[in-house]
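Asks:
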Amino acid sequence: MIRKRGRMRRQLIVFGSAFGTTAELAQGMWRSKSGRWMVPLTIFLCLTGLVLTLAASVEALAPFVYSIF
Numbered sequence: 044m045i046r047k048r049g050r051m052r053r054q055l056i057v058f059g060s061a062f063g064t065t066a067e068l069a070q071g072m073w074r075s076k077s078g079r080w081m082v083p084l085t086i087f088l089c090l091t092g093l094v095l096t097l098a099a100s101v102e103a104l105a106p107f108v109y110s111i112f
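Numbered per the numbering used here, the sequence shown finishes at 112, counting up by one with no gaps.
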């Protein structure tokens, strides 16, 4: 019988895979001279995504965060 993974374990796997991709994106932009202007944009988008992800996982905060956007 195949065991289902818990919710927290699935979220950690997704977070771990996303962190590697984000780190590669940051390294690529920082190394190229023409891509450095995108660093603030990328930071803003990552923080916005993090806030929305946290708001979706905590149901009590979702209405307040969604009203901001």
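The beta carbon of each residue, even a glycine, is placed where N, CA and C say it ideally should be. What you are looking at is a predicted structure, and each value in this text was computed from that prediction instead of being measured.
(1) For the alpha helix (DSSP H) containing Leu-97, list its first residue and its last residue.
(2) May I have the straight-line CA-CA distance separating Leu-88 from Leu-95, to the nearest angstrom?
(3) Run through DSSP, which three-state label would Leu-55 get?
Replies: According to the structure data:
(1) Within the sequence shown, numbered from 1, the residue matching residue 97 stands at position 54. Per DSSP, the continuous alpha helix (DSSP H) segment holding Leu-97 begins and ends at 82 to 100.
(2) By one-based count along the sequence shown, residue 88 stands at place 45. By one-based count along the sequence shown, residue 95 stands at place 52. In a straight line, the C-alpha of Leu-88 is about 11 Å away from that of Leu-95.
(3) Taking the first residue of the sequence shown as position 1, residue 55 is located at position 12. Note: Leu-55 maps to helix in three-state DSSP.
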